[in-house]
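Report on the following structure.
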DNA sequence: CTGTATCCCTACTGATACTG
DNA sequence: CAGTATCAGTAGGGATACAG
């Protein structure tokens, strides 16, 4: 998603940009309870997502500063991802989203549209 | 954004899908305080957004059930958009997002990356 | 185990023009 | 005033293959 003149000014536009990745919310959710290895993350993601995509999304989140990447120098490699400080603060949003998401799912199934 | 097998099941995946429009958060924010006319909405949006795009985004939000479209039969036409019931419930998310968005903006300006 | 380089393809945006 | 049709450009995801 390309930026616009309100990025960095308006909290909504800025959030929208950061959350534009197709899997960002889900990944952030999986990292809520502590560090998770790359492989473990992939295992917990929907099968429709390949490791290529996961790698890209994680890179974006790291670049945006929401996630930290910790490399343990071993063979084979061991890389853990975890929420940064700003990422931790995002938990409040995740919590609100989880609540609303479930309400919305209930709404969807109610009128079966 | 295309769907995946968790849409309608997982609150995060479902939310992500609904919020995928480039301007969805901003529009929902503008509708928080009551009905707004199409023209007025456009006036309040960033200039980089044309009325074609606004129209499409609104249509998506209406289809997804977050926004209601109310037509007053006049000439010239008068169409108001407002939050639906599920849309109203989304205010909690907007509130959390506004808080976090501002924290994130502060974080961004702090290390000037 | 983790990550990157490609390529293809789709979905979305922005621009322009036209309608009731 | 509100909306749609159309088209071109592009950003992003999925697949495959390869690498440290």
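Protein chains in written order, with the working numbering: chain F, 1 to 113; chain C, 114 to 226. No residue lacks a Cβ here, since even glycine has one placed at the ideal position from N, Cα and C.
Among 61(F), 102(F), 46(F), 100(F), nearest to residue 28(F) - alpha-carbon criterion: Here residue 28(F) corresponds to residue number 28 of the first chain, with the count starting at 1. The option with the nearest alpha carbon to residue 28(F) is 61(F).
Residue 192(C) to residue 95(F), Cα distance in whole Å? The residue given as residue 192(C) occupies position 79 in the second chain. The residue given as residue 95(F) occupies position 95 in the first chain. When rounded, the distance between both Cα atoms is 34 Å.
What do you reckon, are the CB atoms on residue 91(F) and residue 216(C) nearer than 8 Å? The residue labelled residue 91(F) in the question sits at position 91 within the first chain. The residue labelled residue 216(C) in the question sits at position 103 within the second chain. Residue 91(F) is not a Cβ neighbour of residue 216(C), given a cutoff of 8 Å.
Helix or strand or just coil, what does DSSP make of residue 80(F)? Position 80 of the first chain, counted from the start, is the residue given in the question as residue 80(F). Note: residue 80(F) maps to strand in three-state DSSP.
Under 8 Å from the C-beta of residue 103(F): neighbouring residues of chain C: Within the first chain, the letter at position 103 stands for residue 103(F). Those within 8 Å of residue 103(F) in chain C are 199, 202.
At a Cβ threshold of 8 Å, is residue 14(F) touching chain C? Taking the first residue of the first chain as 1, we reach residue 14(F) at position 14. Against chain C, the CB of residue 14(F) has a partner CB under 8 Å away; the residue lies at that interface.
Whether residue 131(C) touches residue 179(C) by CB criterion (8 Å): What you label residue 131(C) is simply residue 18 of the second chain in a count that begins at 1. What you label residue 179(C) is simply residue 66 of the second chain in a count that begins at 1. Judged by their CB atoms, residue 131(C) and residue 179(C) are nearer to each other than the 8 Å cut-off.
Quick check: what's the CA-CA separation for residue 11(F) versus residue 214(C)? For the purposes of this step, residue 11(F) is taken as residue 11 along the first chain, with counting starting at 1. For the purposes of this step, residue 214(C) is taken as residue 101 along the second chain, with counting starting at 1. Each residue's Cα considered, the two are about 4 Å apart.
Could you check whether residue 197(C) and residue 5(F) sit closer than 8 Å to each other, using their CB atoms as the reference points? As a first step, residue 5(F) must be located in the first chain, where it is residue number 5. As a first step, residue 197(C) must be located in the second chain, where it is residue number 84. Taking the C-beta atoms as reference points, residue 197(C) is found no nearer than 8 Å to residue 5(F).
When the distance is taken between beta carbons, is residue 24(F) closer than 8 Å to residue 57(F)? For this step, residue 57(F) is matched to residue 57 along the first chain. For this step, residue 24(F) is matched to residue 24 along the first chain. Yes, the Cβ-Cβ distance between residue 57(F) and residue 24(F) is below 8 Å.
Which word fits residue 147(C), buried or exposed, when buried means at least 16 other C-beta atoms lie within 10 angstroms of its C-beta? Counting from one through the second chain, the residue named residue 147(C) turns up at place 34. Here residue 147(C) is exposed, its C-beta having fewer than 16 other C-beta atoms within 10 Å.
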